[in-house]
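Before any comments, here is the structure.
Number of protein chains: 2
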Amino acid sequence: MQKLLYVQLGDQITDQIRQGLYKVGERLPSVRELSKREQVSIATVNTAYANLEQRGWIEAKPKSGYFVRRSCLETVGLPETSNLKPKPRHMSVNELAMEVQRGVSNKKGSSFCAAVPDLNFPISKIIQRTYVSQAREGITFDQGYGSPEGLYELRQQIARRALGAGIQIGVDELITTAGAQNALALALRALTKPGDIVAVESPCYFGLLQMIESFGLKSIEIPTDAKDGMSIDALKLALQQWPIKVVLSIPAYSNPLGCVMPNENKQALMQLLQQYDIAMIEDDIYGELQFEGHRPKAVKAFDEEGRVLWCSSVSKTMDPKLRVGWIAPGKYYAKILHQKYVNSISLPSLPQSVAAQVMAQGQFDRHLRQARETYRQRAQHLIDLAQMHFPSEMRASSPQGGLVVWFEMPKKIDGTQLYYQCREREVRIAPGELFSVTGLYQNCFRMSFAKPWTLESEQAVAMIGLQLKEMMIKN
Amino acid sequence: MQKLLYVQLGDQITDQIRQGLYKVGERLPSVRELSKREQVSIATVNTAYANLEQRGWIEAKPKSGYFVRRSCLETVGLPETSNLKPKPRHMSVNELAMEVQRGVSNKKGSSFCAAVPDLNFPISKIIQRTYVSQAREGITFDQGYGSPEGLYELRQQIARRALGAGIQIGVDELITTAGAQNALALALRALTKPGDIVAVESPCYFGLLQMIESFGLKSIEIPTDAKDGMSIDALKLALQQWPIKVVLSIPAYSNPLGCVMPNENKQALMQLLQQYDIAMIEDDIYGELQFEGHRPKAVKAFDEEGRVLWCSSVSKTMDPKLRVGWIAPGKYYAKILHQKYVNSISLPSLPQSVAAQVMAQGQFDRHLRQARETYRQRAQHLIDLAQMHFPSEMRASSPQGGLVVWFEMPKKIDGTQLYYQCREREVRIAPGELFSVTGLYQNCFRMSFAKPWTLESEQAVAMIGLQLKEMMIKN
Numbered sequence: 002m003q004k005l006l007y008v009q010l011g012d013q014i015t016d017q018i019r020q021g022l023y024k025v026g027e028r029l030p031s032v033r034e035l036s037k038r039e040q041v042s043i044a045t046v047n048t049a050y051a052n053l054e055q056r057g058w059i060e061a062k063p064k065s066g067y068f069v070r071r072s073c074l075e076t077v078g079l080p081e082t083s084n085l086k087p088k089p090r091h092m093s094v095n096e097l098a099m100e101v102q103r104g105v106s107n108k109k110g111s112s113f114c115a116a117v118p119d120l121n122f123p124i125s126k127i128i129q130r131t132y133v134s135q136a137r138e139g140i141t142f143d144q145g146y147g148s149p150e151g152l153y154e155l156r157q158q159i160a161r162r163a164l165g166a167g168i169q170i171g172v173d174e175l176i177t178t179a180g181a182q183n184a185l186a187l188a189l190r191a192l193t194k195p196g197d198i199v200a201v202e203s204p205c206y207f208g209l210l211q212m213i214e215s216f217g218l219k220s221i222e223i224p225t226d227a228k229d230g231m232s233i234d235a236l237k238l239a240l241q242q243w244p245i246k247v248v249l250s251i252p253a254y255s256n257p258l259g260c261v262m263p264n265e266n267k268q269a270l271m272q273l274l275q276q277y278d279i280a281m282i283e284d285d286i287y288g289e290l291q292f293e294g295h296r297p298k299a300v301k302a303f304d305e306e307g308r309v310l311w312c313s314s315v316s317k318t319m320d321p322k323l324r325v326g327w328i329a330p331g332k333y334y335a336k337i338l339h340q341k342y343v344n345s346i347s348l349p350s351l352p353q354s355v356a357a358q359v360m361a362q363g364q365f366d367r368h369l370r371q372a373r374e375t376y377r378q379r380a381q382h383l384i385d386l387a388q389m390h391f392p393s394e395m396r397a398s399s400p401q402g403g404l405v406v407w408f409e410m411p412k413k414i415d416g417t418q419l420y421y422q423c424r425e426r427e428v429r430i431a432p433g434e435l436f437s438v439t440g441l442y443q444n445c446f447r448m449s450f451a452k453p454w455t456l457e458s459e460q461a462v463a464m465i466g467l468q469l470k471e472m473m474i475k476n
Numbered sequence: 002m003q004k005l006l007y008v009q010l011g012d013q014i015t016d017q018i019r020q021g022l023y024k025v026g027e028r029l030p031s032v033r034e035l036s037k038r039e040q041v042s043i044a045t046v047n048t049a050y051a052n053l054e055q056r057g058w059i060e061a062k063p064k065s066g067y068f069v070r071r072s073c074l075e076t077v078g079l080p081e082t083s084n085l086k087p088k089p090r091h092m093s094v095n096e097l098a099m100e101v102q103r104g105v106s107n108k109k110g111s112s113f114c115a116a117v118p119d120l121n122f123p124i125s126k127i128i129q130r131t132y133v134s135q136a137r138e139g140i141t142f143d144q145g146y147g148s149p150e151g152l153y154e155l156r157q158q159i160a161r162r163a164l165g166a167g168i169q170i171g172v173d174e175l176i177t178t179a180g181a182q183n184a185l186a187l188a189l190r191a192l193t194k195p196g197d198i199v200a201v202e203s204p205c206y207f208g209l210l211q212m213i214e215s216f217g218l219k220s221i222e223i224p225t226d227a228k229d230g231m232s233i234d235a236l237k238l239a240l241q242q243w244p245i246k247v248v249l250s251i252p253a254y255s256n257p258l259g260c261v262m263p264n265e266n267k268q269a270l271m272q273l274l275q276q277y278d279i280a281m282i283e284d285d286i287y288g289e290l291q292f293e294g295h296r297p298k299a300v301k302a303f304d305e306e307g308r309v310l311w312c313s314s315v316s317k318t319m320d321p322k323l324r325v326g327w328i329a330p331g332k333y334y335a336k337i338l339h340q341k342y343v344n345s346i347s348l349p350s351l352p353q354s355v356a357a358q359v360m361a362q363g364q365f366d367r368h369l370r371q372a373r374e375t376y377r378q379r380a381q382h383l384i385d386l387a388q389m390h391f392p393s394e395m396r397a398s399s400p401q402g403g404l405v406v407w408f409e410m411p412k413k414i415d416g417t418q419l420y421y422q423c424r425e426r427e428v429r430i431a432p433g434e435l436f437s438v439t440g441l442y443q444n445c446f447r448m449s450f451a452k453p454w455t456l457e458s459e460q461a462v463a464m465i466g467l468q469l470k471e472m473m474i475k476n
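Going down the list, the sequences are from chains H and Z.
Just so we're aligned: 275 in our numbering is position 274 of the first sequence, and the numbers increase by one with no gaps anywhere.
Just so we're aligned: 27 in our numbering is position 26 of the second sequence, and the numbers increase by one with no gaps anywhere.
Here it is, written out as structure tokens:
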């Protein structure tokens, strides 16, 4: 039997309240609006609203309309949607990775899980002020979509900064992207087809492994030294044995090891790329976060044939939420530009303009000097705390820059189990399982040291140590 | 023989000026900065700068440093880069499509080429003011990357507006994207693998055809009626004969025909999707730009199994440069979220927040009412002008909404030739060649009527008519 029209309409509205379209205290559509939208009579809407009011879902306020009642969700029980997605204790690697990435924005507890910069440096205020002033100037009011290659002023600033990495490129050789992740995704898409093999570092940043898997590619993990980065000898061997299509690496402060590839290895790598006629995707996102001295030269600086696609962003040096990154794709320029164009036509112009303005100011370099020294001290403090609290068998990387430390425990420790135990106590780390598809790093985990140390976060490290020691005894 | 160090450095700097890193009148790095960056002595930098000054490239200003000389580019001839990319008269379809897309931002002449909204409505000022106020409130200063599913407040507004299209979805069933193009790209990536077949309308918006080709997919073009949209009978036949993986369509004000699929056809389409157990990607980007009456219901409104991925954006109703779009992926939610995550982690939060704020205001609906009536009048004026100036053999679509009119000429007219002839006169249209891979529409072209009519743009239509009449005689 068909329900009466006003009952149907009432059910729709209670569903919408449950689904979050209208929250407690928010105004519902006016009777006229609803009658027009649902193409029912004014009388039907009035009856539906009166019925909902009687049932305690909504309340009328004189001259302002109907509102979701403050108590309605309690009277009808918890919203159904909150029960729709239970979180299983054992997730797939993909789900685990996404949860780790999200964990950083947890308001409660201590988060060491994602390689996200501290956003309390003075540069954040400058970014905000620049946003306000750029918005006021009405930068968005050109016609059209903005160009696929990205804002000229930003590309100009990037070309200037590239000189610091030993890279000499023209403004026309750069394309802006939605962060470095997007640059790497465009590059992989343009250079590979499903089934192709990509050489990566081992351990490897999980965002890259997920991308490779999601694109239907295969990864081959090249042993990586905690000091010198990807082993050139091992890469040579792999190239002899496998039809590797592209090398994907973070030569400067590799995530998670924090190591830097020496210049002579970069030259040897370039020779291998030439010999096997393949390309390299260089993720240089941490390149400007050295703890001391000059920033490392990019592999791209040694590239005379346009084989290296240099990718980076302001996510670690300004704010990841700007989603401003770039790629210098060498001889693959046209392919990458077309990929970006079909993927999103262009990207928002205002964040690009803000990044360009901030880079053009001397304060940005001042910020980087301050950030480098601060991160160096925070890294040292994390290692000191780990030595104090973690089991004596632990080994830690000794990063020369970047935002993370890699910890290796005896084989009997399960990093994923540790992750769940910490999560219960509102403390977030990144389990080693995510950094390989081979299961090689189940006894490892990664911690970020970017945030300022507090009593709470120091106690969190002590708590992790306690968990580890318990696991050592139990297993 | 190796060049002297200061000569090498000087060559680098002149290259950088040619490449656009430093423009006429801009300050070059200080002697100290350059010595540090290039790791050469202060003396070498001083000699290099002195030499460049002598050769007329740069000039010193007391106490402020070295600047690129106003006359240097003339004295050394045109910058080399401007000769690097000659524009051939006959481009590939990809290049042609990108040029058409860019043509809209040409400052000179009249542009009818891209389906871009008029940005001179009062809503543009409101968007700008909202940008300023949102930036002031420091929306960007949460920790982390922003969530992969996108800003909650925006998804809430979208879920409310979806009701107008007959779609009832929860806030948790939506994912924000970088415009509708990005939504469609994520959907195609998630649902297909290279070699798969996608059913599209014919003629079909070229951005979709390019995406399909670029992803290694094949398109099958389904005859589309200028009034009723994609032919259901023809689709049925195609489904019987080919292993079609997904149907991609613009049921509301299809680009370029401006037609609307009737509700009974939408129901028949849903039955076909069920029968063949396939998905549909619905591009609803023009859905709210009806010329009169209610906006059309979306196909998604008839979808009870989560087979339809509903995609749209604010590019036609607010500003394409916001790059704010969305997708309601039905049962493919997890796949799409993962695609977005590996593609860019998240998207800039501020443009999302601006779009949400603007949608929440009553002014947005007021703007839509005004825009619909304005576009209706402008469309009528374009058709009137075409009837006045174009050869009498021409046929034109009669759009019921959206931003474009489709013109069909006798077979002897070449739309691509017309495009080049118009381009020489700084008038831009979209040649029919782009709207099919079959060569079916060589004698057609598309014109946008979004911009306000001026004497210049009216004369441009007369000029197009003149070209057409000449071509009629010559061929």
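Glycine included, each C-beta is placed from N, C-alpha and C at the ideal position.
In this structure, Z:229 is the residue among Z:229, Z:37 and Z:25 with its C-alpha nearest to the C-alpha of residue 270 (chain Z). In chain order, 183 and 186 make up the part of chain Z whose C-beta sits under 7 Å from the C-beta of residue 344 (chain H). Using a CB distance cut-off of 8 Å, residue 69 (chain H) does not count as an interface residue toward chain Z.
Using a Cβ-Cβ cut-off of 9 Å, residue 99 (chain Z) is close to 149, 338, 339 and 342 of chain H, given in chain order. Chain H places a beta carbon closer than 8 Å to that of residue 323 (chain Z), counting this residue as a contact. Near chain Z, meaning a CB-to-CB distance below 8 Å, no residue of the stretch 400–412 of chain H qualifies. A direct Cα-to-Cα measurement between residue 112 (chain Z) and residue 315 (chain Z) gives close to 21 Å.
Counting the other Cβ atoms within 10 Å of the Cβ of residue 295 (chain Z) gives fewer than 16, which makes it exposed. Taking one beta carbon from each stretch, the stretch 383–403 of chain Z and the stretch 172–181 of chain Z have fewer than 3 pairs nearer than 8 Å; the two do not touch. A distance below 8 Å between beta-carbons, with the five flanking residues on each side excluded, links residue 242 (chain H) to no residue of its chain. Using a CB distance cut-off of 8 Å, residue 145 (chain H) counts as an interface residue toward chain Z.
At least one C-beta of chain H is nearer than 8 Å to the C-beta of residue 38 (chain Z). The shortest CA-to-CA distance from residue 359 (chain Z) to any of Z:130, Z:97 and Z:414 is the one to Z:130.
Residue 313 (chain H) has a beta carbon lying at 8 Å or more from every beta carbon in chain Z.
Counting along the chain, residue 417 (chain Z) sits inside no beta strand (DSSP E); it lies in the alpha helix (DSSP H) bounded by residues 416–425. Between the stretch 111–125 of chain H and the stretch 278–287 of chain Z, the count of C-beta pairs closer than 8 Å stays below three; the two stretches do not touch. Residue environment analysis places residue 170 (chain Z) among the buried positions, since at least 16 neighbouring C-beta atoms fall within 10 angstroms of its C-beta. For residue 217 (chain H), the CB contacts under 6 Å within the same chain, skipping 5 residues up- and downstream, are 195 in chain order. For residue 136 (chain H), the residues of chain Z that pass the 7 Å Cβ criterion are 129, 132, 133 and 136, in the order they occur in the chain.
Between residue 351 (chain H) and chain Z, the shortest Cβ-Cβ separation is below 8 Å.
Along the stretch 20–46 of chain H, going in chain order, the ones with a CB nearer than 7 Å to a CB of chain Z are 20, 21, 22 and 38. Any Cβ of chain H closer than 8 Å to the Cβ of residue 362 (chain Z) would place that residue at the interface, and such an atom is absent. Around the beta carbon of residue 244 (chain Z), a 10 Å sphere encloses fewer than 16 other beta carbons of the protein chains shown; the residue is thus reported as exposed. If you draw a straight line from the Cα of residue 466 (chain H) to the Cα of residue 390 (chain H), it comes to about 5 Å.
Judged by DSSP in its simplified three-state form, residue 262 (chain Z) adopts coil rather than helix or strand. When Z:340, Z:452 and Z:435 are compared, the shortest CA-CA separation from residue 96 (chain H) is found for Z:340. Taken atom to atom, the span from the alpha-carbon of residue 162 (chain Z) to that of residue 324 (chain Z) is near 18 Å. Annotation: the continuous alpha helix (DSSP H) that includes residue 36 (chain Z) extends over 32–39. Nearest neighbour of residue 202 (chain Z) by Cα position, chosen from Z:193, Z:178 and Z:239, turns out to be Z:239. Membership of residue 410 (chain Z) in any beta strand (DSSP E) is not indicated, and neither H nor E is assigned to it by DSSP.
Here the C-alpha atom of residue 440 (chain H) lies approximately 23 Å from the C-alpha atom of residue 471 (chain H). 8 Å or more divides the Cβ of residue 404 (chain H) from the Cβ of residue 101 (chain H). At least one beta carbon of chain H lies nearer than 8 Å to the beta carbon of residue 215 (chain Z). Closest in alpha carbon position to residue 291 (chain H), among H:305, H:247, H:343 and H:366, is H:366.
Nearest in C-alpha terms to residue 298 (chain Z), of all of Z:268, Z:16, Z:447 and Z:345, is Z:268. Taking the CA atoms as reference points, residue 428 (chain Z) sits about 27 Å from residue 124 (chain Z).
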